[in-house]
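A.B. asks: First, the structure itself, so that you have it in front of you.
Residue numbers (full-length UniProt numbering), protein chains in the order written: chain A, 1 to 237; chain B, 1 to 237; chain C, 1 to 237; chain D, 1 to 237; chain E, 1 to 237; chain F, 1 to 237.
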């Protein structure tokens, strides 16, 4: 029934390749089917003004999409002179989600910026950015711990994300672009490795949904995130 | 236990005053406690390019906050030269939510813009904007129907919104600013008058939450929206 | 002869309601007929760089208009990405005018920002902003004096403004929008309570005027400002 | 008493050199003492959208200042990414003033843009721009009439401008920069060759003025404009 | 003598991998040592206004760099709100260079946009963009020819580019970042497969050079471009 | 054969008038035929952050064009809200070229900004800006040396620039606008008084060129720069 032939509760093939760029302190290319996102983590010794001197660390994120990551070419945001509303909304979500899994005291007064750049898009880029972004963050933090700049692990629980939605009347896991563009309800679920919720967003596009459907989507999300956290662990091993 | 002395499941006092500006086709001032939002609806005969000639209507929203709506003065967005990420995110949410209750065929090829301007802020401005924005939309549509420009009612179900969150470890309904700034979990729930879900957003600020807590917040939201829909009906009567 | 039926030298009904927002140090809603402007005054302990360390205070103003304050919806300046030339010109005028009535030594090294936001427009918004802005400033300064932060009153003379113009060949006081859009000559007069001039602007729109007409407009302005100063005093009492 | 040794009612030396650039339809360099402004007039066959098809013409102006026209270098507005409030205010004034002397029916549906670029500044640049701008406009219109594109002269009356102010307690004509930066009251007076008023702006900088002083400044302005109009005529002969 | 141990006239290892993204009409990842650029070509049926209706085609380019393509993270241009001067200069160069090898009549009235996004930077990104950009262009044009939209080949001669410079007093071919940051003279040479020159830029950084040195650099460039054109041909075979 | 009747290797008439503005530390108006550029040099005691405390000086440049410097009026960059790519590219070139002739140790920790504003354009404005800009720089440095702020001359060699190109199949020196707009190849050559090269840029517009042609253009450039350096010396004497 799904365009890809997947089962209702089946993720796309996931691969997380680490160490893909020589400059970043942590990096990976995450591929969820045809959605490919390059995630890099940059460590800097400065923090935003509002926490200067607090001893606390900060994790933030930026998101971008190459102009021809999509089926038709999109205008380059740098040429347009500003980041669109969708970009800003997504990068705020990524940063907020990653911070939920960070002990900012243990991190110490430094900032890690996670850049998520979509190389190829086929739906679910914000979720892939969070899942891959956490891996880049993990690798950067490993480096800090190895040299002794950070003593106890500030990453208290892995963070991963998956989309679910109602496609052709059925709750499905991990929507690809053909599903996403048709889905009546579309949600993003961000959870930790131990099953705690960080962020839940469900949204009807020109329709509505019931509380039962909401619970069904939550069940799918829990299954999907479990599998993604396993992939994160394998990649970082 | 709540700073305001309210019960855990108690809304702030709600008032919706209609007809507050002489120019707009529909308008109201919604007050949820100390949060006051002026909502106006403007009817225009043009639609965005992507639906031109489709016969479908469009509902969109813009959101703003007066510089001294808040406790300390905020920089005016027009002076800063752009709308902040938060503003863009909120106005996209308002537009999306209102459209979920609209039969765009019945509306016909015209656009209604709902402006929500926060005159005084004390938490929950985006939810008040949706609840009040729907009233302004209702009044504008009434005008279209009265003169016969629209024949069957395009507003299929009222739309209202409320925030819930976990404050001091307890799920509470309709957070005011003192609660909002302390809450570990914060959610916005947008429902229709008949209890269908349009949008659910729950977000942990530097913490996480369980699925049980999520369900508890949903219960509170359903109760709150029921009361708000009653207030909308009374205001439009 | 006037669309509103007013005498040539008659102001619109004036009301000044104070204390309309709980956050600002001073606030009022001024209504001159159907022109409604919300004025708030914000006290801050910092001053602009060019007077830092001088011991002098500063008063500045910002001006805005809600998108549907007017008969047809105007584009939101924050969405357009900049303040229009008219906005900048008006807010410079408001700030300059208010400063003319301020003893900046007595105020001490602090800044008061007066925000004037037009809720509903029917002509004369810049003059209403100055008259109402002075009331917000007065109330904020009262607060500083009450707590002893300011010892001698820095407001040496009230400041009020009114428009006059030549409508249908006749000099008239306090133009409303139907008059303003037809007037061949249009002027703004800013005076103090003791009758001193702060700013005089007279401008012909596609026509010219004589020095006699100029003097006639000045006479009307003096009468109008006297009445406005009385309304300011009553509001602040 | 004046830094320049001029009499109270004495203009600076005025020179208006025409035909200074080969591309523009009309051009002049106006020099009022050390204030030098290059004025060019450009004729285009298009008009702004709001008068398209009306048969009426349009005259507009733009104003700029070279970065080192002033004593200390100012930031280039193109580099800053926007025109400052002062620039916008001045160019609106120039356009409005020039239009007051134009019969827009006689001009026909075309636009003339007058660019005023300050090469060297020593006070009074906006007035010099208007006086010189009118000469550029006159020369461009002459060209239209010569080739028969315009049949009856659309320039009904010359337009010129001068500043007056109260310097060291005395009303003086045509302030230069040392006077302008000290003057308590500062005014710009825009008149026609036949003595009609187009625009009067008087403004106190941190002080106030009386109606008597206002009349005295008006007298000086009438004298100054008479002399400037004579210089315009000589230049265009 | 060179940090990389290469001979003075030795290119870095070159690889050109084609078909790297599923959406673009033509794409490749070019790697010149540690400089990696993703090049995509997008075909659109519209052309810029200035050639509309001329029957001629257009080739243009845009250039970007991921924030962590470099050793320290650079600010994202979309977040800064504009493309820097360097970016604009480079993308104009890429577009101009590629157009020099295109028969715009044969291409027909369509536009091909070549996006060059630097994934990892180690010097010479603009030259790699041109060499790789030509491959993406070649592949896109192949598609047009295959389906018969274009009948005779519009790519008259391959285009490739290489940098040369004077490092440690010696002319060297294909500078990497350690060399580039130290080089006293730095040049970019854009040639066709048949050895014709398209663009030559040589620039001294805080020094000067002789005409003999210039000729030496030209010799190196001719050798380097020959090898790059061979790599392009192999990649497109 | 040339539209102007000049010989293939003949410059346009060159004049360099110094001291043309009273405020700048150094200034000249350079005229190369109908191309007129006003160059001013401003000395400031601050340097850019990246050399603060280094003891080194800095020379930078900005470039602008009056809207009606050209045959048809161009949009004012300040009104457009940004400097175009061409402007940025040119001003970077001017700054880089002038710095190549400066001993930054001898200059000491100060900045000289050279503004080049095109009053009238007829081709070759960037080259005229460099040649005239150097004169303004020379005069400003003379002032520093006269008062003893700088002890040994930081200007080690004059800097001048000229364009050459292939017009109607023939290499020609110093292209004017009619030639420039037709030329198949166009180059800018920046040399020192002693014949060293600073920057060479040759670019084919929709065509290509041979190495022999390149050498021919270099020969012409050397001849032209020799004559320009003589004119600079005469102007500064």
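Note that CB positions come from ideal geometry on N, CA and C, so glycine has one too.
Quick caveat, the model's predicted, so the values are computed rather than measured.
Can you check the stretch 117-196 of chain B for any beta strand (DSSP E) of at least 3 residues that lies completely inside it and give the ranges in chain order?
C.D. replies: Those beta strand (DSSP E) runs which fall completely within the stretch 117-196 of chain B and span 3+ residues are 159-167, 170-173 and 185-192.
A.B. asks: Cβ of residue 78/D less than 8 Å from any chain C Cβ?
C.D. replies: As a working mapping, residue 78/D is identified with position 78 in the fourth chain. So, not an interface residue.
A.B. asks: Counting only Cβ-Cβ distances shorter than 9 Å, please list the residues of the stretch 194-226 of chain B near chain C, keeping chain order.
C.D. replies: Flagged: no residues at all.
A.B. asks: Quick check on residue 29/A: does DSSP put it in helix, strand or coil?
C.D. replies: As a position in the first chain, residue 29/A is number 29, starting the count at 1. Correct three-state label for residue 29/A: strand.
A.B. asks: Quick one: what's got a C-beta closer than 6 Å to residue 14/A's C-beta in the same chain, skipping five residues either side?
C.D. replies: As a first step, residue 14/A must be located in the first chain, where it is residue number 14. Around residue 14/A: 32 and 231.
A.B. asks: By Cβ distance, which residues of its chain are closer than 6 Å to residue 36/E, with the 5 residues on each side in sequence left out?
C.D. replies: Counting from 1 along the fifth chain, the entry for residue 36/E is found at position 36. So the qualifying residues of the chain are 119 and 120.
A.B. asks: Below 7 Å CB to CB, which residues in the same chain sit around residue 29/B once its five sequence neighbours on both sides are set aside?
C.D. replies: Taking the first residue of the second chain as 1, we reach residue 29/B at position 29. These residues qualify, in order along the chain: 17, 20, 36 and 38.
A.B. asks: With burial defined as no fewer than 16 other Cβ atoms inside 10 Å of the residue's Cβ, what is the status of residue 122/E: buried or exposed?
C.D. replies: Locating residue 122/E in the fifth chain gives position 122, where the first residue counts as 1. Answer is buried; the Cβ neighbour count reaches 16.
A.B. asks: Counting only the same chain and skipping the five closest in sequence on each side, list residues whose C-beta sits under 6 Å from that of residue 216/E.
C.D. replies: The residue you call residue 216/E lines up with position 216 of the fifth chain. These residues qualify, in order along the chain: 171.
A.B. asks: Would you tell me roughly how many angstroms separate the C-alpha atoms of residue 109/A and residue 51/A, rounded to the nearest one?
C.D. replies: Position 109 of the first chain, counting from 1, holds the residue named residue 109/A. Position 51 of the first chain, counting from 1, holds the residue named residue 51/A. Their Cα atoms are separated by approximately 8 Å.
A.B. asks: Are the beta-carbon atoms belonging to residue 133/E and residue 174/E less than 8 Å from one another?
C.D. replies: Position 133 of the fifth chain, counting from 1, holds the residue named residue 133/E. Position 174 of the fifth chain, counting from 1, holds the residue named residue 174/E. Not a contact, by the Cβ cut-off of 8 Å.
A.B. asks: Measure from the alpha carbon of residue 136/B to the alpha carbon of each residue in 225/B, 117/B, 5/B and 204/B, then state which is nearest.
C.D. replies: For this step, residue 136/B is matched to residue 136 along the second chain. Answer by Cα proximity: 117/B.
A.B. asks: Does the stretch 155-171 of chain C come into contact with the stretch 55-66 of chain C, if we say contact requires no fewer than three beta-carbon pairs (one atom in each stretch) closer than 8 Å?
C.D. replies: No: fewer than three Cβ pairs fall under 8 Å.
A.B. asks: Show which residues of chain A have a CB atom less than 9 Å away from the CB atom of residue 82/B.
C.D. replies: What you label residue 82/B is simply residue 82 of the second chain in a count that begins at 1. Under the 9 Å cutoff, chain A gives 82.
A.B. asks: Within 8 Å of any Cβ in chain E, is that where the Cβ of residue 94/A sits?
C.D. replies: In the first chain, counting from the first residue as 1, residue 94/A sits at position 94. Chain E contact via Cβ: absent.
A.B. asks: I'd like to check one pair, residue 204/D with residue 199/C: are the Cβ atoms closer than 8 Å?
C.D. replies: Taking the first residue of the third chain as 1, we reach residue 199/C at position 199. Taking the first residue of the fourth chain as 1, we reach residue 204/D at position 204. Yes.
A.B. asks: Counting only C-beta atoms, is residue 192/C closer than 8 Å to chain B at any point?
C.D. replies: Within the third chain, residue 192/C is the residue found at index 192, counting from 1. So, not an interface residue.
A.B. asks: Under 8 Å between beta-carbons, which chain B residues line up against residue 48/C? List them in chain order, please.
C.D. replies: One-based indexing of the third chain puts residue 48/C at position 48. Those do not exist, as residue 48/C stays about 14 Å from chain B at its closest Cβ, beyond 8 Å.
A.B. asks: Quick one, which of 69/E, 101/E, 44/E and 179/E has its alpha-carbon nearest residue 112/E's?
C.D. replies: By one-based count along the fifth chain, residue 112/E stands at place 112. The shortest C-alpha separation from residue 112/E is found at 44/E.
A.B. asks: Strictly by DSSP, which residues pair up with residue 209/C?
C.D. replies: Taking the third chain and counting its residues from 1, one reaches residue 209/C at position 209. Partner(s): 197/D.
A.B. asks: Under three-state DSSP, which class holds residue 83/B?
C.D. replies: As a first step, residue 83/B must be located in the second chain, where it is residue number 83. Correct three-state label for residue 83/B: coil.
A.B. asks: At 9 Å on the CB atoms, spell out the chain F contacts of residue 169/E, in chain order.
C.D. replies: The residue labelled residue 169/E in the question sits at position 169 within the fifth chain. Within chain F, no residue comes near residue 169/E; the closest Cβ sits about 15 Å away, beyond 9 Å.
A.B. asks: Would residue 53/F be called buried (16 or more neighbouring beta carbons within 10 Å of its own) or exposed?
C.D. replies: Here residue 53/F refers to the residue found at position 53 of the sixth chain. The residue in question, residue 53/F, is exposed, as its Cβ has fewer than 16 Cβ neighbours within 10 Å.
A.B. asks: Check whether chain C comes within 8 Å of residue 179/B, counting only Cβ atoms and requiring the distance to be less than that.
C.D. replies: Residue numbering aside, residue 179/B sits at position 179 when the second chain is read from its first letter. Not an interface residue.
A.B. asks: Could you tell me the boundaries of the alpha helix (DSSP H) in which residue 106/E lies?
C.D. replies: Your numbering for residue 106/E matches position 106 in the fifth chain. It spans 104-107 - the alpha helix (DSSP H) in which residue 106/E sits, taken as one unbroken run.
A.B. asks: Looking at the C-beta of residue 34/C, does it have a partner C-beta in chain B at a distance below 8 Å?
C.D. replies: Counting from 1 along the third chain, the entry for residue 34/C is found at position 34. Answer yes: the Cβ-Cβ gap between residue 34/C and chain B drops below 8 Å somewhere.
A.B. asks: Answer yes or no: does any C-beta atom of chain F fall closer than 8 Å to that of residue 88/E?
C.D. replies: Sequence index remark: in the fifth chain, residue 88/E carries index 88 (1-based). With 8 Å as the cut-off, residue 88/E counts as an interface residue toward chain F.
A.B. asks: Please classify residue 219/A: does DSSP put it in a helix, a strand, or coil?
C.D. replies: Taking the first residue of the first chain as position 1, residue 219/A is located at position 219. Three-state result, residue 219/A: helix.
A.B. asks: In chain order, what residues of the same chain lie with their CB nearer than 7 Å to the CB of residue 79/D, ignoring the 5 residues before and after it?
C.D. replies: Looking up residue 79/D in the fourth chain gives position 79. Cβ within range, chain order: n/a, list empty.
A.B. asks: Suppose you measure from the CA of residue 220/C to the CA of residue 9/C; what does that come to, to the nearest Å?
C.D. replies: If you number the third chain from 1, residue 220/C lands on position 220. If you number the third chain from 1, residue 9/C lands on position 9. C-alpha separation (whole angstroms): 6 Å.
A.B. asks: Could you check whether the stretch 148-157 of chain D touches the stretch 81-94 of chain D, counting it as contact only if at least three pairs of C-beta atoms, one from each stretch, sit closer than 8 Å?
C.D. replies: Touching, no.
A.B. asks: In the DSSP assignment, what are the bridge partners of residue 15/D?
C.D. replies: Position 15 of the fourth chain, counted from the start, is the residue given in the question as residue 15/D. Partner(s): 31/D.
A.B. asks: List the residues of chain F that residue 45/D touches, going by C-beta distances under 7 Å, in chain order.
C.D. replies: As a first step, residue 45/D must be located in the fourth chain, where it is residue number 45. By Cβ distance, chain F contributes nothing, its closest Cβ being about 12 Å from residue 45/D, past 7 Å.
A.B. asks: Sort 55/E, 67/E, 177/E and 48/E by Cα distance to residue 27/A and report the nearest one.
C.D. replies: Taking the first chain and counting its residues from 1, one reaches residue 27/A at position 27. Here the closest residue by C-alpha is 67/E.
A.B. asks: Roughly how many angstroms separate the alpha carbons of residue 208/B and residue 180/B, rounded to a whole number?
C.D. replies: The sequence position of residue 208/B within the second chain is 208, counting from 1. The sequence position of residue 180/B within the second chain is 180, counting from 1. Roughly 16 Å between the two C-alpha positions.
A.B. asks: Within a Cβ cutoff of 7 Å, which residues of the same chain sit near residue 83/D, ignoring the five residues on either side of it in sequence?
C.D. replies: Along the fourth chain, read from residue 1 onward, the residue named residue 83/D stands at position 83. Within the same chain, residue 83/D has close Cβ partners 77.
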